[in-house]
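Protein chains in written order, with the numbering used here: chain A, 2 to 207; chain B, 2 to 207.
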DNA sequence: CTCTTAGTTGACCAGTCAGTAAAATAATAA
DNA sequence: TTATTATTTTACTGACTGGTCAACTAAGAG
């Protein structure tokens, strides 16, 4: 079976760390290799291109976000409303930690790549689109739970409400990053609940 | 007085066009020069660095957005509610035009640069922060008008509501760009009105 | 012990990056 | 007309870009 290696893993972790903090184009393959202690030849042994690495890094970021954030919250014993609140609190914690340890609010790594690369790389755009659809699915379930709990009216449209909430969260990340201020998320977070109000289903017209 | 030139202007226009469509790091000085028909030496005669050009381009983008979008809407004869609606419609038009003529939804050029460069270049971050504060100011005035029109309760906090709306609009741009779909803005736009509901002033604690 | 497979290494490529320096050229003001 | 000032042009830097290649090495399987 030949020899084993953790180089691939180290490169993925470095990519997540460096690209999240700066940007795709600001981090070169060379720096990625230095940071992970891997030679450039090994890099291209594991990844056909920087772009391919980025797609895998995106998958990993999303997986980490689900297991570290969405799943625990979704599976917790609380109302949908409380779950959204917990999400906001956790987000604020992460952003504060960023600011404390890295010196700046980095926002949402996935959203960052979305804006930087969507018009440039269709494969990456589609990957992020897929992630956003899954993410919206989580919120949809939460909203459906909320309707069942009697906390939201039955006319509420789970899908469009979920999309609106994702948009709002990404917007808060963008503002928080621009102001380099983690408190943006916590101060404006309650807006999520407002986005749930009176959003009625609209019948699709063929 | 020496000779005159429109090279500076052409470079700024090229910068806005190319960087808005792709990204800061994806567009080089060389390409900027070729696109504007200016030699590299002239580029550095007018701008000390690519970064300095970008700051000026940001100012110009914001000025264009104000004169082409915010000011006409703000000065129009209609209710604040209608003005927000017009803003959404116009945004949708711009995004549709982007998709038709350039092949993709480019989102908000200012927001794009915010996410790409905020952690990398403090001067640019502060410039965009300043723009966002001015932008929020426009929305604040609209919300105050709305309160005076009796359309929103007097307890509404204009400042935080304005910030929430800006976040939401930037979030819609991000989603629209990721889905490469201009209809995101129009479908979810009504959320702006929801963000105005029951947002109460909180007394500042020293 | 050897063959195979997987991973490592370092040298190398052409192209591009932002930015520089100096000479050449217009236009205007005196 | 001449001096001054603003703009243009060309040629150039050194560092870095993503990516390639072939030789080398270590580990497990037969």
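No residue lacks a Cβ here, since even glycine has one placed at the ideal position from N, Cα and C.
From a predicted model like this one, the values you see are computed outputs, not experimental measurements.
Boundaries of the alpha helix (DSSP H) harbouring residue 133 of chain B: 123-149, taken from the DSSP string. In this structure residue 124 of chain B is exposed. Its beta-carbon is surrounded by fewer than 16 other beta-carbon atoms within 10 angstroms.
Annotated as proximal: residue 112 of chain A and residue 175 of chain A, with beta-carbon spacing under 8 Å.
In its chain, beyond the 5 residues on either side, 174, 175, 177 and 178 have a beta carbon closer than 7 Å to the beta carbon of residue 108 of chain A. Counting C-beta pairs with one atom in each stretch, the stretch 150-158 of chain B and the stretch 88-103 of chain A have fewer than three that are closer than 8 Å, which means they do not touch.
Nothing from the stretch 83-100 of chain A brings a Cβ to less than 7 Å from some Cβ of chain B. Burial of residue 93 of chain A is indicated by the presence of at least 16 other C-beta atoms within 10 angstroms of its C-beta.
Residues of the stretch 127-140 of chain A whose Cβ lies closer than 8 Å to any Cβ of chain B, in chain order: 129, 130 and 133. Only those residues of the stretch 6-35 of chain A whose C-beta falls short of 7 Å from the nearest C-beta of chain B are listed: 22, 23, 24, 26 and 27. The beta carbons of residue 117 of chain A and residue 25 of chain A sit closer together than 8 Å.
In the same chain as residue 96 of chain A, and ignoring 5 residues on each side of it, the C-beta atoms closer than 7 Å to its own belong to 106, 177, 183 and 186, in chain order. Across the stretch 161-190 of chain A, CB contacts with chain B closer than 8 Å involve 161, 164, 165, 167, 168, 169, 170, 171, 172, 173, 175, 176, 178, 179, 180, 181, 185, 188 and 189, in sequence order along the chain. With a contact defined as Cβ atoms closer than 8 Å, residue 19 of chain A and residue 32 of chain A qualify at about 7 Å. In terms of CA proximity to residue 169 of chain A, A:89 leads the group A:89, A:5 and A:17. With a contact defined as Cβ atoms closer than 8 Å, residue 54 of chain B and residue 12 of chain B qualify at about 7 Å. Residues 84, 87, 88 and 91 of the same chain have their beta carbon placed closer than 8 Å to that of residue 74 of chain A, with the five preceding and five following residues left out of the count. Judged by DSSP in its simplified three-state form, residue 162 of chain B adopts helix. In chain order, 119 and 120 make up the part of chain A whose C-beta sits under 9 Å from the C-beta of residue 107 of chain B. For residue 115 of chain B, the enclosing alpha helix (DSSP H) covers residues 110-118. Interface flag for residue 143 of chain A against chain B is unset, since no Cβ pair is found closer than 8 Å. Annotation for residue 65 of chain B: the continuous alpha helix (DSSP H) segment containing it runs 51-66. When secondary structure is reduced to three states using DSSP, residue 179 of chain A falls in the helix class. Taking the CA atoms as reference points, residue 132 of chain A sits about 7 Å from residue 63 of chain A. For the pair residue 198 of chain B and residue 189 of chain A, the Cα-to-Cα distance works out to about 13 Å.
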